[in-house]
Amino acid sequence: MDISFTSAVVILLLVMDPLGNIPLFVALLGNTRPARRIVVIARECTIAFAVLLTFVFFGRQLLTLIGLSDSSLNIAGGVILFLIALRMIFRHPEGIFGDTDQIAGEPFIVPLAIPAIAGPTALATVVLMASRAPERIFEWVAALTIAMVITLALLVFAERVSNLVGKRGLLALERLMGLLLTAIAVEMLLRGIEAFVRQL
Numbered sequence: 602m603d604i605s606f607t608s609a610v611v612i613l614l615l616v617m618d619p620l621g622n623i624p625l626f627v628a629l630l631g632n633t634r635p636a637r638r639i640v641v642i643a644r645e646c647t648i649a650f651a652v653l654l655t656f657v658f659f660g661r662q663l664l665t666l667i668g669l670s671d672s673s674l675n676i677a678g679g680v681i682l683f684l685i686a687l688r689m690i691f692r693h694p695e696g697i698f699g700d701t702d703q704i705a706g707e708p709f710i711v712p713l714a715i716p717a718i719a720g721p722t723a724l725a726t727v728v729l730m731a732s733r734a735p736e737r738i739f740e741w742v743a744a745l746t747i748a749m750v751i752t753l754a755l756l757v758f759a760e761r762v763s764n765l766v767g768k769r770g771l772l773a774l775e776r777l778m779g780l781l782l783t784a785i786a787v788e789m790l791l792r793g794i795e796a797f798v799r800q801l
């Protein structure tokens, strides 16, 4: 996955999907005091960042430990990303990550940090970046940091963005991001298949 720094930031933003997560955050934190809401969002973003950072540094070792190849990770990540992208384009009543109406009280880790921000696709993406170009590890950390700061800023102002753009505007943006994610998913699948065929 030979990508530039800017492309890495954009891809990470797409897979973390802060715009698509705005309705989820607004719904789950609707009854939370504004000051407390910012604390919760910052906490969940910090947890997601820590999880993703762990996979940047130790994802390669994890792959080696469980005997997974880059091609299998590419294919698996592409399939998961494709399914999530389809749910973004063709909106499902339960949302992208399933039913969240059962959550009572203040959410902690699930579903905001994981899987809303640090979902399987985001984890697979950072592992692929780090494993394909380990010499650029600090570049990937910087890209992840920038993407997370942007995500945090968008989610802190989630209610304002939601009111400004409206439900239809958010839906249109989410579908556009889903379309871009579909293209990335296909590219990941093709790279995985190509790597597998070369091994035969």
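The numbering used here numbers the first residue of the sequence shown as 602 and each following residue consecutively. Each residue gets a CB set at the ideal place from its N, CA and C atoms; glycine is no exception.
### Message
Does residue 795 pass the burial test, meaning 16 or more other C-beta atoms within 10 Å, or should it be called exposed?
### Response
Taking the sequence shown and counting its residues from 1, one reaches residue 795 at position 194. The residue in question, residue 795, is exposed, as its Cβ has fewer than 16 Cβ neighbours within 10 Å.
### Message
Nearest by alpha-carbon distance to residue 645: which of 787, 716, 726, 732 is it?
### Response
Within the sequence shown, the letter at position 44 stands for residue 645. The candidate whose alpha carbon is nearest that of residue 645 is 716.
### Message
On the DSSP bridge list, what partners appear for residue 711?
### Response
Numbered from its first residue, the sequence shown carries residue 711 at position 110. Paired residue(s): 709.
### Message
If distances are taken between C-alpha atoms only, which option among 653, 744, 761, 648 comes closest to residue 631?
### Response
Counting from 1 along the sequence shown, the entry for residue 631 is found at position 30. Per the Cα distances, 761.
### Message
With a threshold of 7 Å (Cβ to nearest heavy atom), would residue 781 be considered close to the ligand GTP?
### Response
Here there are no bound small molecules, and the ligand GTP is not part of this structure.
### Secondary structure of residue 668, DSSP reduced to three states
For this step, residue 668 is matched to residue 67 along the sequence shown. Reduced to three states, the DSSP call for residue 668 is coil.
### Message
By the three-class DSSP mapping on this structure, what secondary structure does residue 634 have?
### Response
Taking the sequence shown and counting its residues from 1, the one referred to as residue 634 is at position 33. In the structure shown, residue 634 sits in coil (DSSP, three-state: anything other than H, G, I, E or B).
### Message
Rounding to the nearest angstrom, what Cα-Cα distance links residue 773 and residue 656 in this structure?
### Response
As a working note, residue 773 is residue 172 in the sequence shown. As a working note, residue 656 is residue 55 in the sequence shown. Answer to the nearest angstrom: the Cα atoms are 31 Å apart.
### Task
Report yes if the CB atom of residue 783 is closer than 8 Å to the CB atom of residue 619, and no otherwise.
Taking the sequence shown and counting its residues from 1, one reaches residue 783 at position 182. Taking the sequence shown and counting its residues from 1, one reaches residue 619 at position 18. Not a contact, by the Cβ cut-off of 8 Å.
#### Entry: Enclosing alpha helix (DSSP H) for residue 734 [first to last residue]
Along the sequence shown, one-based indexing puts residue 734 at 133. Note, residue 734: premise wrong, no alpha helix (DSSP H); not H, not E.
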